[in-house]
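This report concerns only the one structure given below.
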Amino acid sequence: LGLDTLDFTVLCGLALAVAAYVAKDKLKRALVSGESLAVQSDSRDIVQALHDNGKNYLVLYGSQTGTAEDYAKKFAKELAAKFSLKVMCADVESYDVEGLNKLPSDVVVSIFLSTYGEGDFPDGAVPFEDYLAGLNEGDLENLRYTLFGLGNSTYEFFNGASKKVHKYLSEAGATLLGKYGEADDGAGTTDEDYLAWKDPLMDLLKSELGLDEHEQKFEPNFGYSELGDSSENANTVSLGEPTTQYLPGNQLTFSPDGKQTGPFDSTHPYVAPIVATKELFNSGDRNCIHADFDVSGSNLKYSTGDHLAVWPSNSNEKVSRFLDCFGLDPDMVFTLKPLDSTIKLPFPTPVTVGAAVRHYLEITGPISRQLFSSIMQFAPNEELKERLKELSRDKDDFAKEITIKYFNLVDALLYLSNGAKWDSVPWNFLVESIPHMQPRYYSISSSSLSEKQTISITAIVEQMANPVSDKAEPVTGVATNLLRHIQLSQNKQDVGSSTLPVHYDLSGPRGLFRTYRLPVHVRRSSFRLPSNPATPIIMIGPGTGVAPFRGFVRDRVKFSEQQPSVSLGKHLLFYGSRDENDFLYQEEWPEYSKKLGGVFEMIVAHSRLPGKPKKYVQDRLIENEKEVFDLIAIKGAFIYVCGDAKGMAQGVHSALVTIISRGKNVKESDAAEMLKLFKSSGKYQEDVW
Ligand code: FAD
């Protein structure tokens, strides 16, 4: 095994820490089996790694935001728990897949793939696409596979990436087992789509592979050890640091002046100072926050139109409710050891239980019906076990009892047990079954031309009273309430107020987030201004969908200051808000208009002006049909849409179809075809969520 200096330092530190605990007689052994690595394999060759680790089933995933990974892992866990299969669950990014044709014929491959952008593969799965595209007829005729795509039907190329996989694999002669499954996040049915695909497939695999099924039994992927409490925790114990590089025991990442050292990316976020925050509006139950992140201390670069990924942590209220429900000691230090080399550590360990709950687990958010079927083995009594079984099997009952009430896991369990604790559920089961914290993405609202070192975001705070019962906990988003908390604290407003639904620890692990910092990284997007500034553009972005257009317009303002002799094409922005109160950056637009002269124009739709009819951006498009058509069909304008993927982006698409079909006097289907071509050629770009 090749250990680099970093690994070696961390291992030495870990060994010392463990030795110290042993000396104090504090070392408690794992609750479950799996004390040592079964096999070590350094191979990047997927077939070799499968063989070296004694696996007999392969689950492959390509994930952009973590959802495909989450479902792949759930699927792998269920195969192991039900059939005792030795499943290797791997990110396609981590292995060379060229050898797939050498896979033993009794090994089935289950592929989980998300689609990104215009039918694209996730960034890390591009080499997988290249490999599949280069296959010849019959290359994979021994391969049996299952396929589940994760997509959003509001996008033109719904599940485009998994559809391509299906095509390439069938052309190469591989055999699909069961049905090709598709999840539709646009309809909000990802979990039910998965279950509807997975349940019959499990039966089919059972008969096809001659498997014995037994009652689900938790098969851990990690050896788990408890190392005592954190009162004397060593410098190598994580208190929630984003990566091990931030641990004080690891001096390598800190320069002598104490600064963080990079490079920073999605695997090693930069803990960026938030230099300014502002409440853009506060209209009773709704708030919107503008935040500026200073990235001058990092190698992070961005281009106008990119996304900022923000890594949040859970609120004090949700953390203590979770710890209390499962009877967990927040100070207990534990460590995880992958049981084979195909399994990656999900977060830095050793770590305290409290830090893992706060920083590394998604403890809020809707729950999957499948989680009930795996957690029931640990129910505190037979009655609750039976109830969990019923709910996990009955889609409608589950929707009525759990989903519609906006319950997260703890809310649901405490509701079912009438408030009695669930301390019979082992902590390491929770660690392996609850999704791990994912960053939240924000369309950058600054311009890299105008503000190279400052990245701004514009976030609407996700918060509402539970619509079913006012006695239930309010429903809150993790990252946006944290941003609001930072904004209030930074602007010297009352953060202890009980009117806030949740409160956060802003100092972070060992004070790492003190004085307003959060871990971030930049994600490249393809949402880009045309390279020729004379090309006209139409921007459509209601609500926070205006974020990247603020960046676009600031970009053009800076450009025209730098190159006043270059003439710009028309920049037409369709913006929408409820009324004047939530009109974002209201005071800035006239300034931009002045600087850009007649080139920049803004057309606004308000949906809740008293005594006035509701107007949306799509209505304004139709009202300005002639100009919009002229810009698109005659002057070659680029079209940009940002914001709500469900209602707005579809409404805008229909309005554009109407405008083009009427303007060109062609059928709507032909106009839709034309827009499709615009999308493929990058003339019609969407940044919708
Ligand atoms: P989360 O914790 O992720 O919760 C998500 C939603 O679920 C919230 O509405 C929350 O109230 C609700 N919820 C929580 N618990 C439950 C439950 N048990 N049952 C049902 N619902 C529940 N947003 C912006 O404001 N501005 C942007 O510019 C922007 N750009 C984006 C760009 C991209 C590419 C993407 C993918 C998303 C973008 N978003 C943007 C959305 C943003 O990433 C976040 O999803 C959003 O801010 C909510 O994050 P959160 O952590 O506050 O909520």
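Numbering (our numbering), first residue to last: -8 to 680.
A virtual CB, placed ideally from N, CA and C, is assigned to each residue, including glycine.
In this text, all values refer to a predicted model and were calculated from it rather than measured experimentally.
- M428 carries a coil assignment under DSSP once its states are collapsed to helix, strand and coil.
- Within the segment 129 to 188, the runs of beta strand (DSSP E) that reach at least 3 residues and sit entirely inside it are, in chain order, 135 to 142 and 172 to 175.
- Apart from the 5 residues on each side of it in sequence, T235 sits with its Cβ closer than 8 Å to the Cβ of V1, S229, N241 and P339 in its chain, given in chain order.
- In the structure shown, S568 adopts extended strand secondary structure according to DSSP, grouped into three states.
- Under the 8 Å Cβ criterion, the segment 643 to 659 counts as touching the segment 613 to 633, having at least three qualifying pairs.
- According to the DSSP secondary-structure assignment, P604 is paired through a beta bridge with no residue.
- DSSP, read as helix, strand or coil, puts Y52 in strand.
- K674 is the residue among G588, Y146, L167 and K674 whose C-alpha sits nearest the C-alpha of R519.
- Note that the C-beta distance between V88 and F119 is below 7 Å.
- In terms of side-chain proximity, the C-beta atom of Y566 is found no nearer than 6 Å to any non-hydrogen atom of the ligand FAD.
- In the structure shown, H42 falls within a helical segment according to DSSP collapsed to helix, strand and coil.
- According to DSSP, C80 shares a beta bridge with V50.
- Within a 10 Å sphere around the beta-carbon of G468 sit 16 or more other beta-carbons, which makes this residue buried.
- By the beta-carbon neighbour count (other beta carbons within 10 angstroms, threshold 16), E206 is exposed.
- Going by beta carbons, P254 and P233 fall outside the 7 Å limit.
- Here G296 is buried. Its C-beta has 16 or more other C-beta atoms within 10 Å.
- If you check the C-beta of P357 against the ligand FAD, you find a heavy atom less than 6 Å away.
- D194 is bridged by DSSP to nothing; it lacks a bridge partner.
- By the neighbour-count definition (other C-beta atoms within 10 Å, threshold 16), P555 is an exposed residue.
- By the Cβ neighbour-count rule, E217 is buried, with 16 or more other Cβ atoms within 10 Å of its own.
- In this structure, R475 places its C-beta atom within 7 Å of the C-beta atom of V452.
- Relative to the ligand FAD, the beta carbon of G468 is positioned inside 6 Å of a heavy atom.
- Inclusion of V266 and D283 in the CB contact set at 7 Å is warranted, their separation being smaller than that value.
- Not a single heavy atom of the ligand FAD lies less than 6 Å from the C-beta of H350.
- For I650, the enclosing alpha helix (DSSP H) has its first and last residue at G638 to K655.
- Here DSSP, grouped into helix, strand and coil, assigns Y675 to strand.
- Taking all protein chains in view, the Cβ of E578 is surrounded by fewer than 16 other Cβ atoms within 10 Å, so the residue is classified as exposed.
- In this structure, S436 sits near R541, with a CB-CB distance shorter than 7 Å.
- Unbroken beta strand (DSSP E) stretches of 3 residues or longer found wholly inside the segment 295 to 345: 298 to 301 and 323 to 329, given in chain order.
- Taking C-beta atoms as the reference points, E173 and G140 count as a pair closer than 7 Å.
- The alpha carbon of S522 has as its nearest neighbour, out of S498, P533 and R547, the alpha carbon of R547.
- Around the beta carbon of G532, 16 or more other beta carbons sit within 10 angstroms, so the residue counts as buried.
- Taking 7 Å as the cut-off, the Cβ atoms of F317 and V416 count as close.
- When DSSP states are grouped into helix, strand and coil, H350 belongs to the helix group.
- In this structure, DSSP gives S551 a helical state, which the three-state scheme calls helix.
- The way I'd put it, the segment 589 to 599 doesn't touch the segment 632 to 651; fewer than three beta-carbon pairs between them come closer than 8 Å.
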